[in-house]
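In my numbering, the protein residues as written are 2 to 508. No residue lacks a Cβ here, since even glycine has one placed at the ideal position from N, Cα and C. Reviewing the structure listed below.
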Ligand code: HEM
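See the structure below:
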């Protein structure tokens, strides 16, 4: 891509940015000096950077694909210059292990996307904090109250009820065209909001009417969070100007959502602070946060992070799975066969899922080809250290390209083919020990929601396949379903998956 096209495609020539250009030029000399790769010895290899923009023009809309292509030329650990930011990308299990295991202690800080640079909230963040005491406390609280075996068991009634509501909705809408992502998102958000607040927050919709404001707001947050071309993140000196309006836009949405949550929090807080309250009355995660003395800002931040991190990743994992099942009739038949054999009762209870090893192999195969967070969340080097004998300087941004590893012919036979059988007799798992398959990451930043996310994915998939025959609108051939991706906080299908549901004859 030439520079003019790059600037135009990225809206860097818009009138708003003319003002910034003059400020920007003042820093050119400084930036150019900083851009010189030679100023730091022994960096991982990478394409030569251009003055000022470095390698920004090579990133494109799908950085997981562009960095995978660059890695093919320069090797499994590459370095790139994005404006002033130095970026290192790992694309092999050895490089991933170097980052997420050997140097985990030094390389587990975070860079914060513009959308989440909210002054009042950031100090309370789990996702965007460095590995400090706040982060440790929040992870411990979430682990014990949300994701422990005991907590997951306690949540199973809610999970079953919400999936039951989804199935009821789809039964009522048989024969109509339904957007799968919307239905699954609603189910997962209501599951989480019931666990956290003790109530549903979204209505099911068939995608034809107006969507409710909360769903729109959460989608907006995700959209802002997924903006990868924010000038401020490449040139920190421009950060404070919020040139793309990303920080302000997110704050506006947050204000609206938090005003709604505030009413619920105040109500519950009054009860918890009343003299008649005793701890065994606590029912929800909100009760636990209030008992732990959380302020409103602490609650807003944690709940928003759990909503954003927990719903999209899981929803999109379900959608990618269903897309692959539709494309591979024989896989769908095998899952159905497995469920018929295991059937003892009318409903698939969450406890029964471990009896579906073929479905689990399918989910692993989908994670391999379509990890919903293809570059993990951005890590940051808290100190200078070495990986694969290369220097990773302090403040380097780090991506682990799990998408590239899933498609590497050196690691997988016939990597672009969807073959769940490769996992049926294999011990390989996605829990952070096998570095060729890391959809949840590994090390201290590994996804704390893994047990909950995987339970939901299995339960929703099993319930959908058991209950419905799935068809594409207008009799389209499912084996030809396109699999184009759109990069974001969680990677989604470029073209939404629209389906017609038809109830199956009971087995
Ligand atoms: C299939 C579902 C899911 C996938 C694929 C997934 C994937 C990931 C990945 C790749 C990371 C980043 C790891 C890193 O930076 O190295 C992450 C972080 C995180 N996830 Fe998940 N996730 C899923 C479900 C969930 C759920 C259900 C929740 C909570 C309700 C959740 C909450 C979080 C949080 C809070 C973090 C940040 C952890 C930290 O920075 O210490 N995730 N997830």
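A direct Cα-to-Cα measurement between residue 398 and residue 135 gives close to 22 Å.
Listed in chain order, the beta strand (DSSP E) runs fully inside the stretch 166 to 254 are 178 to 180, counting runs of at least 3 residues. The closest heavy atom of the ligand HEM lies less than 7 Å from the beta carbon of residue 440. For a cut-off of 8 Å, the C-beta gap from residue 469 to residue 502 is around 4 Å, short enough to register as a contact. A Cβ-Cβ separation of about 6 Å places residue 343 in contact with residue 357 under the 8 Å criterion. One alpha carbon belongs to residue 401, the other to residue 437, and they sit about 11 Å apart. In this chain, the beta strand (DSSP E) harbouring residue 469 covers 469 to 472.
Straight-line spacing of the CA atoms in residue 88 and residue 76 works out to 15 Å. In the DSSP assignment, residue 286 falls within the alpha helix (DSSP H) that extends over 286 to 292. Placement of the Cβ of residue 149 at a distance of 7 Å or more from every heavy atom of the ligand HEM is found. Taking C-beta atoms as the reference points, residue 366 and residue 420 count as a pair closer than 8 Å. If you compare the alpha carbons of 180, 189, 104, 320 with that of residue 307, the shortest gap goes to 189. Taking C-alpha positions only, residue 49 is separated from residue 55 by approximately 8 Å. Between the ligand HEM and residue 453, a heavy atom-to-CB distance of less than 7 Å is present.
Residue 500 has 179 as its beta-bridge partners, per DSSP. Assignment of beta-bridge partners to residue 312 by DSSP yields no partner.
One alpha carbon belongs to residue 42, the other to residue 112, and they sit about 23 Å apart. For residue 86, there is no enclosing alpha helix (DSSP H); the enclosing beta strand (DSSP E) has its first and last residue at 86 to 91.
Residues 291 of the same chain have their beta carbon placed closer than 7 Å to that of residue 270, with the five preceding and five following residues left out of the count. Per DSSP, residue 418 has no beta bridge partner at all.
Between residue 322 and residue 429, the C-beta spacing is not below 8 Å. Here residue 493 carries a strand assignment [DSSP, helix/strand/coil].
With a cutoff of 8 Å on beta-carbon distance, residue 471 and residue 360 are scored as not near each other. For residue 193, the closest C-alpha among the options 392, 316, 65, 409 is that of 316. Remark: C-beta atoms of residue 179 and residue 168 do not approach each other more closely than 8 Å.
Taken through DSSP and simplified to helix, strand or coil, residue 295 comes out as coil. DSSP places residue 142 in the uninterrupted alpha helix (DSSP H) bounded by 134 to 143.
Counting only residues of its own chain and dropping the five nearest sequence neighbours on each side, residue 422 has a CB closer than 8 Å to the CB of 362.
Contact check for residue 223 and residue 309: beta-carbon distance about 6 Å, within the 8 Å limit, so the pair qualifies. Residue 388: member of the beta strand (DSSP E) spanning 386 to 388, first to last residue. The secondary-structure analysis by DSSP pairs residue 506 with nothing; it has no beta-bridge partner. Burial is judged here by how many other beta carbons sit within 10 angstroms of a residue's own beta carbon; residue 146 has at least 16 and is buried. Distance from the CA of residue 61 to the CA of residue 233, rounded to the nearest whole angstrom, comes to 17 Å.
Remark: C-beta atoms of residue 388 and residue 72 do not approach each other more closely than 8 Å. The three-state reading of DSSP puts residue 397 in coil, since its state is none of H, G, I, E or B. Of 117, 455, 199, the smallest CA-CA separation from residue 248 is found for 117.
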